[in-house]
Structures are given as C-alpha cells and as structure tokens.
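Asks:
Shown next, in the form of structure tokens:
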C-alpha cells in the first residue's frame, strides 16, 4: 500500500494492489483530449471502464461570485469567458436575461445583427467541434480544413467588433455598433464557402468514411429518457430523438420570422450527433442568408430607448445635458433594475444556456446563476462511460462537446 | 473611527442611493383558469403556498419538506421531464434562510415552472436525484457553494472547490477575494503552516505594487541595492550626480558667447 506524505502524495494510478484487479487511471486534467481541464478518474477492468468519476473545478474563476460584485454592464465582458468558443452566445444570453428583467426590447436592427452574430457563432463553434472531434478520433486533416473556415468566421467577427475570441459584441439593450461596410457581402461569401466545404470537404472526408463510422457508430448511446433525465440539451438531446430547440419552442430575437429546420436524429449515438452538427451549420447559413435582406430593411437605431437603464446615443450624450447626466449616473453607479427574478433560456451552440438573475433593485445582481449546458453534459459522463472501452472514452468526451470555461465558471 | 462594514454581507453595495428612489417590481400575474399552469396547480392541490406567473414561467412557493413530493407530481403527472437548473440564493443576512429553486421544463408543452422554497439555516433538503439525475451535479454544486446539506444524495461531495477547502464561496459572508483560509490554502498545502511567515499570503491582485518589495520594484529617486530590506527610517532620497560640462575648447566657447 502507498503511504502518502508531503513528498509522495497519494497517486490513484499506482493502485495495482486491489483484489479485483481493476486499475484506476487519471484521464486529465492535462490530457489533450480532455477538452480543457477535465480530470476523469476511470476505474478500468482490462480496457473496459467500470466506473467513471468526472472531477471538475480546475478552471473555476468564481464568475457567479464576480457577478454579485459588478454592475450589470461591468459583468458583460466577463460572460465571454464562459463558453469561449462562442462568446457572443454568452453575451447575448446574459443581455437577454437582463433585458427581460428590465422589460425592454432591442430595436429591430440590433435584433437582426444579434441574430446574425449568434448564428455566425454557432457556425464557428460547430466548425471547432468538427475539427477537434475529428482530431480526437484521429483524423488530422479535417482539423486543418475546419480551422481554415473557422478563421474566416473569426475574421468576420473581428471586422464587426475587433475581437476574435472574447467578442463582447452585444450590449444590454442592443448592440454597440452597426455592421461595417462590405460586411454583408463577406458574410454571404462565408456562407457559400461553408456550405461548399460541408459538402465537399468535411462531408466527403467523414460522412461515409469507414474508419470514422467504426469509431463513432453505436458509441456513446444515450436514450431519450436518459438524455432528459440527465439534463441534456441542444444537440445532445436532439441526437437522442427529442425534437426540442429553444429557438423554435420559446423563440427570441428574429427566429420566429426565419425559416429553418431543426434536425433530429434517432440514432442516439455519436455518429448521429456528428451529422446533426453538420446539418445545423447548414441551417445556420440558411438563416444568415435570410437575415441579409431583413437587415437592409431596418431603421438605423441600435440601442433600446430606456433612459432609466440605458445610456442615450453618443450624439445625444455629447449634445444634450440631461442625456450626459444620465449617462454619468449609469456609468458611475450602474443601472438599477426592478426587484424580482428571471430565468431566461437561450439555445447556445452547446445547448440550453440560461441565466437566472435575482435582483433586489440594487445596481449589483443579488444572485446570478449561469445554467451551463456543458456542466450537465459532464455530469452525464459518469453514466455514459461505464461499460465502454478506453479507446471510446475520447470519442464520448468529444461528442458531448463540453467547454470548461462553462463547466467550472 | 473606522468605517462600519456589515459582516453578514460583504458583497459590493451601491455607494449612493437616491432618497426618493422607488424600486419597481418585475410584473407578476395570477394563474389564469383553463391554462396549462392552472392544471398543474390543480394537480398539486394544497402543496403550493403561493403561485404566480412571471414572464411566462410559473413560480410555485412550497414548504421545503414537500420538495420531493411536489417535483415528483410535476414530473409524473404534469410532464415536467427535465430539471434544467437547481440552486440557492443566500438570504442569511436578512432572514436567516436560503431560497432554493428548481427550474423544470415541460418539453411537450414548452412550459417552464420554477419551484421555490425557503430553507432555514442549518436545515437539510431532500435530494431529487431519484427523479432527475441532472440534480446530481447541481445539488453537489449547491452544497459546495452554500454548504446546504442534501439528504439521500448518492455522493454529496464538493465539486468545484477542492475537497479540503474551507468555507462556501457563494455565501454573502464570503469576500470576493477569498477569506483568510483561502489566502493561505496553497502555502499550507504545499509547504506547511510553518512556512507562512517565509512565503507570505497569496497575492490575488496581479496589479498590486508593494513599495517594500525591493526585488521586483524600484522607486525612482529612492533606489536601493537589489533585495535590501525596506526601512522607512533610513529612507534617503538619492542625489544624482549632475553631469559637469568641462569646457576644453575655450576659444570656441568665447566665440559662442560673443554671438549671444
């Protein structure tokens, strides 16, 4: 037996002296396929997983605590650090929750831009998924191709807001900027490029690839009942045959006006989920194309008119005394939303991203709870991995598409 | 006199509030007869203390001891097959109790219900893991962050903070930058308590400038040799030597002077 002390701490993976001949190994927290800081303690019988214990918290930054100590506008850039693959979806989920609390609505142009950014982020995030998932399973070239297109998407984000990873491209009550010149043409070109690549590169490389299918088919099977029970949302839920997409069922922004389908797979396995990611990207480009004419018909107002909560436009602040005074109070003290609580779910690329905000009428949120989809998908691993083989563990972690900024918060 | 700081809530507070500021409320409405929510209320009978509809979601206030029963009825009779979220709000400073909430989703009707209860300090809540596995991690997180015990949880252990962490970070009494134990956590764990004096508490402010630190900072005008111990009494401003211009070419300078 090991005698742990300060110099030789207890190592789980040296535990060979058990009677049942199982081996405990640590998968992570620095394993490249652990998608961040996941430490997965696996008990193995030969190559078969007997018990899995996901240990999280290696990326904990206390974001919920920070929310209690920051004004509502101050906190917004912090939400970038939740799901850093698709930052705008976090910014948006938070901004929408605060807007619901305030009872305001963004103007139509802001809504069009936000919907565009959300879908663009969905494409970026899904491309990242395809890339890393393929890399985890062993297909290196897909990674390179998918990252190439993702780079174009990030260039679009950079053209819009100046940032590539931590966008903060949404504000409470609207968006800070209008689209730059030529952006819509670039967006249309990006859509065409992605559509082409989905069919001719990723699809051609993976869809009917024999090795890919052998590695993914019937791996990580989740029944619909289990998926609901474990709190799976997004593609994890739709991959199990439950057709539920918040964009359709509890619509927000311009989604009710847009024409798009919700792909569902009843295969319940990793391969079905992979196909859903591919199809969702296609639906996203379809949405983006529809948004271009919608945007062109909107009025140029970008921020909601709610002087009690939201600063006036720069022009008003610079020319009108009262607008300047209000802006000063809003910056120095922060907005004071009504007393009450909201829970607002949105469909982020990973699943249901919801913000629960409890306000006591102060400029600081009394409590903010971020309902992160990846957190619950990580919880599912302890059941999903049992009985599978070590080689499939990586595939299953990949298919859950967890991001640790969101899991640990 | 030192400024009084309330100890029961050390979170940031507004430094100024207008005397006439009236806090509005988020709109609430009664449950309308004949809707889906009215049927849910009917199924729950007398288990509900009060109910309202807020922003399209029903909020049910219940007794903490009924939580399992209420959520079981919601799941089995009303079709709320997913528990999206479960956590708590700290009201210890004001009312000496926690507010717990469960956010449930009905997939078929696309309706959401929030079950809310007030739990007195030191009491435990019944686990709903037999109904919803998603509560497994959520309840562990609630225990980790607030120290609320959950009865019959299969594996109630800290989830985000380390196992040997002291205190529960989301309590209002817990400061943003961590408490005393937090600042010594790494030192105690890696080196032992006896090394506290040598290493010093952890600096959680990356922009902090320590005037006594002569290894990483130097002060212009008060430079001392690297690593010297700081002594306020011995602090002497350094007199820099002024560069003297020696005039070797007297002829040329004369010409300059003449020109002036």
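Chains as they are written, first to last, in this note's numbering: chain A, 3 to 411; chain B, 11 to 270.
For each residue, glycine too, the CB sits at the ideal point set by N, CA and C.
All values reported here derive from a predicted model rather than from experimental measurement.
1) DSSP on residue 281 (chain B), reduced to helix/strand/coil?
2) With residue 80 (chain A) and residue 68 (chain A) assumed to form a contact (beta carbons below 8 Å), what rounded beta-carbon distance in angstroms separates them?
3) Just to confirm before moving on: does the CB-CB distance between residue 306 (chain A) and residue 106 (chain A) stay below 8 Å?
4) Quick check on residue 361 (chain A): buried or exposed, where buried means 16 or more other Cβ atoms within 10 Å of its Cβ?
5) For residue 128 (chain A), count neighbouring C-beta atoms within 10 Å of its own C-beta (all shown protein chains included) and say buried if the count is 16 or more, exposed if not.
6) Along chain A, in chain order, which residues have C-beta atoms closer than 7 Å to that of residue 93 (chain B)?
7) From the beta carbon of residue 214 (chain B), is the nearest beta carbon of chain A less than 8 Å away?
8) Which chain A residues sit within Cβ distance under 9 Å of residue 21 (chain B)?
9) According to DSSP, which residues form a beta bridge with residue 360 (chain A)?
10) When you compare each of A:353, A:341, A:402 to residue 33 (chain B) by their alpha carbons, which one comes out closest?
11) With a cut-off of 8 Å, does the C-beta of residue 363 (chain A) fall near any C-beta of chain B?
12) For residue 112 (chain B), which of helix, strand or coil comes out of DSSP?
13) So residue 120 (chain B) contacts chain A; which residues on that side make the cut at Cβ distance below 7 Å?
14) Straight-line CA distance for residue 204 (chain A) to residue 214 (chain A)?
15) Taking the straight line between their C-alpha atoms, what separation do you get for residue 206 (chain B) and residue 61 (chain A)?
16) Label residue 139 (chain B) either buried or exposed according to how many other C-beta atoms from any shown protein chain fall within 10 Å of its C-beta, with 16 as the threshold for buried.
17) Once the 5 residues before and after residue 224 (chain A) are set aside, which same chain residues still bring their CB inside 6 Å of it?
18) In this structure, how does DSSP classify residue 352 (chain A) when only helix, strand and coil are distinguished?
19) What is the rounded straight-line gap between the Cα of residue 197 (chain A) and the Cα of residue 201 (chain B)?
20) If you measure beta-carbon to beta-carbon, which residues of the region 87-109 of chain A are closer than 8 Å to chain B?
21) Just the chain A side, please: which residues come within less than 7 Å of residue 193 (chain B) by C-beta, in chain order?
22) With a CB to CB cut of under 7 Å and the five nearest residues on each side skipped, what residues in its chain are close to residue 374 (chain A)?
23) For residue 410 (chain A), return the contacting residues in chain B, with the cut-off set at a CB-CB distance below 7 Å.
24) Given a cut-off of 8 Å on the beta-carbon distance, is the pair residue 114 (chain B) and residue 127 (chain B) in contact?
25) Consider the Cβ of residue 26 (chain B): report whether some Cβ of chain A lies at a distance smaller than 8 Å.
26) Could you name the residues of the region 215-241 of chain A whose beta carbon sits closer than 7 Å to any beta carbon of chain B, in the order they occur along the chain?
27) What is the residue span of the alpha helix (DSSP H) that residue 74 (chain A) lies within?
28) For a cutoff of 8 Å on Cβ pairs, would you count residue 29 (chain B) as touching chain A?
29) In whole angstroms, what separates the C-alpha of residue 132 (chain B) from that of residue 96 (chain A)?
30) Applying the criterion that 16 or more other CB atoms from any shown protein chain within 10 Å of the CB defines a buried residue, is residue 149 (chain B) buried or exposed?
31) Going along the chain, which residues of its own chain have a beta-carbon closer than 8 Å to the beta-carbon of residue 51 (chain A), five neighbours each way excluded?
32) How big is the Cα-Cα spacing for residue 157 (chain B) and residue 41 (chain B)?
33) Mind listing the chain B neighbours of residue 244 (chain A)? Cutoff is C-beta to C-beta under 7 Å, in chain order.
34) Using a C-beta to C-beta distance shorter than 7 Å, which residues of chain B count as neighbours of residue 353 (chain A)?
35) Grouping DSSP H, G and I as helix and E and B as strand, with all else coil, what is residue 295 (chain A)?
36) In whole angstroms, give me the CA-to-CA distance for residue 55 (chain B) and residue 87 (chain B).
Replies: According to the structure data:
1) No information on residue 281 (chain B) is available, as it lies outside the stretch 11 to 270 that chain B covers here.
2) 6 Å
3) yes
4) buried
5) buried
6) 233
7) no
8) 67, 70, 71, 366, 368
9) A:343, A:369
10) A:341
11) yes
12) strand
13) 251, 252
14) 12 Å
15) 26 Å
16) buried
17) 242, 270
18) coil
19) 56 Å
20) 102, 103, 105
21) Ordered by position in chain A, no residue passes the 7 Å Cβ test against residue 193 (chain B), which lies about 14 Å from the chain.
22) 84, 355, 408, 409, 411
23) 170
24) no
25) yes
26) 230, 231, 232, 233
27) 74-77
28) no
29) 32 Å
30) buried
31) 44, 45, 387, 388, 389, 390, 391, 392, 395
32) 34 Å
33) 117
34) Those do not exist, as residue 353 (chain A) stays about 10 Å from chain B at its closest Cβ, beyond 7 Å.
35) helix
36) 12 Å
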